[in-house]
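Just so you know, the numbering used here puts 24 at position 23 of the sequence shown, and the rest follows in order with no gaps.
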Amino acid sequence: MVPIVAGGWQLLLPGMRDQPATQSPTPEQRIVLPGPRERGDVVLEEALTQRRSVRNFAASPLTLDMVGQLLWAAQGITAPWRGLRTAPSAGATFPLEVDVVVGEGAVVGVAAGVYRYVPAGHRLEARAAGDRREALAAAALGQPWVGDAPITIVISAVTARTTARYGERGHRYVFMEAGHAGQNVLLQAEALGLGSVPVGAFRDTQLAAILELPREEVPLYLLPVGQPAR
2 MVPIVAGGWQ
12 LLLPGMRDQP
22 ATQSPTPEQR
32 IVLPGPRERG
42 DVVLEEALTQ
52 RRSVRNFAAS
62 PLTLDMVGQL
72 LWAAQGITAP
82 WRGLRTAPSA
92 GATFPLEVDV
102 VVGEGAVVGV
112 AAGVYRYVPA
122 GHRLEARAAG
132 DRREALAAAA
142 LGQPWVGDAP
152 ITIVISAVTA
162 RTTARYGERG
172 HRYVFMEAGH
182 AGQNVLLQAE
192 ALGLGSVPVG
202 AFRDTQLAAI
212 LELPREEVPL
222 YLLPVGQPAR
């Protein structure tokens, strides 16, 4: 176990090797994602009918196109002139942040690590190196599918962006928005022939340390994604 410091937290986490401290991403650590498809092969009604929680994943790697499509579904920009996104946001305050935890060999051409999705530019920025799935599963109370899935999408929030406008009521709006984004991911996974499962049981502080989140960000939602085991 190694100490991980993030946002003022220091924890001893299992399943993690020493990694360099997170710094601002260099150009080499930025990955421009393939453009999203706005018309797929599966209609909405099919995805709604077929969606089921999947907890057993094959070892097959995902493509960068798949990852980009999933992240676009969560928080992609759909009206560039206004910055509006795939999920509705109270007052367009956009409190959500989306990270993807990538395992070793889990995404073709992408190194294991934690990546932040940047909607403006539809790209990834590296935040932390190494395969952190085992530690992520431990933070999720030992749920094995969190460690087995090739990737896990993590939705966090900076609640102050919304509560600054709406006060305490803003907390409710943030949770609603996380639900909108999570459902988008679940339906997009189904449309891509992938499987996912919503996970809300985890230790907040431990998870924040694994992802190296700043103190103002609160993790809300985990979505392991992969090819369903046959």
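Quick reminder that beta carbons are idealized off the backbone N, C-alpha and C, glycines included. Here the structure is a predicted model, which means the values were calculated and not measured.
By the three-class DSSP mapping on this structure, what secondary structure does residue i have?
i: Glu191; result: helix
i: Thr163; result: helix
i: Glu1; result: Residue 1 cannot be examined here, being either before or after the span of the chain that is shown, 2 to 231.
i: Arg83; result: coil
i: Arg38; result: coil
i: Ala22; result: For Ala22, the pLDDT reaches just 39, beneath the cut-off of 50, and the residue's location in the model is therefore unreliable, although a value from the coordinates is still provided. It is coil, neither helix nor strand.
i: Leu63; result: strand
i: Pro215; result: coil
i: Asp132; result: coil
i: Ala139; result: helix
i: Pro96; result: coil
i: Arg53; result: coil
i: Arg124; result: strand
i: Gly77; result: coil
i: Pro199; result: coil
i: Arg231; result: coil
Name, in chain order, the residues that DSSP records as bridge partners for residue i.
i: Val175; result: For Val175, which the question treats as bridged, DSSP gives no partner whatsoever.
i: Thr206; result: DSSP, once it has assigned bridges, lists no residue as partnering Thr206.
i: Ser90; result: Looking at the DSSP assignment, Ser90 forms no beta bridge with any residue, so it has no partner.
i: Ala158; result: Leu97 and Val219
i: Gly114; result: Val103 and Ala130
i: Leu224; result: Ile154
i: Arg31; result: Glu126
i: Leu119; result: The residue you asked about is not Leu; residue 119 is Val in the sequence shown. Answer is Arg124, bridged to Val119.
i: Val108; result: Leu63 and Val111
For residue i, count neighbouring Cβ atoms within 10 angstroms of its own Cβ and tell me buried if that reaches 16, exposed if not.
i: Asp132; result: buried
i: Pro145; result: exposed
i: Glu178; result: buried
i: Val270; result: The structure shown does not extend to residue 270, since the chain is modelled only from 2 to 231, so the question has no answer here.
i: Gly106; result: exposed
i: Ala75; result: buried
i: Pro225; result: buried
i: Leu137; result: buried
i: Trp73; result: buried
i: Phe44; result: The residue you asked about is not Phe; residue 44 is Val in the sequence shown. Exposed is the call here.
i: Gly110; result: exposed
i: Arg117; result: buried
Can residue i and residue j be called in contact, C-beta distance under 8 Å?
i: Thr160; j: Pro199; result: no
i: Tyr222; j: Gly201; result: yes
i: Gly108; j: Pro62; result: According to the sequence provided, residue 108 is Val. The question's Gly does not apply to it. Contact: yes.
i: Ala210; j: Thr163; result: no
i: Ser157; j: Glu213; result: no
i: Gln70; j: Glu191; result: no
i: Pro220; j: Val155; result: yes
i: Pro151; j: Gly180; result: no
i: Ala59; j: Arg166; result: no
i: Gly168; j: His123; result: no
i: Glu135; j: Gly114; result: no
Counting only beta-carbon separations shorter than 8 Å, does residue i have a partner in chain C?
i: Arg83; result: No chain C is present in this structure, which holds just one protein chain.
Okay, do the segment 191-205 and the segment 123-131 touch, 3+ Cβ pairs below 8 Å being the bar?
Contact between the segment 191-205 and the segment 123-131 is absent, because fewer than three Cβ pairs lie under 8 Å.
Taking 8 Å as the cut-off, does the segment 75-86 touch the segment 138-146 (at least 3 CB pairs, one atom from each stretch)?
Contact between the segment 138-146 and the segment 75-86 is absent, with fewer than three C-beta pairs closer than 8 Å.
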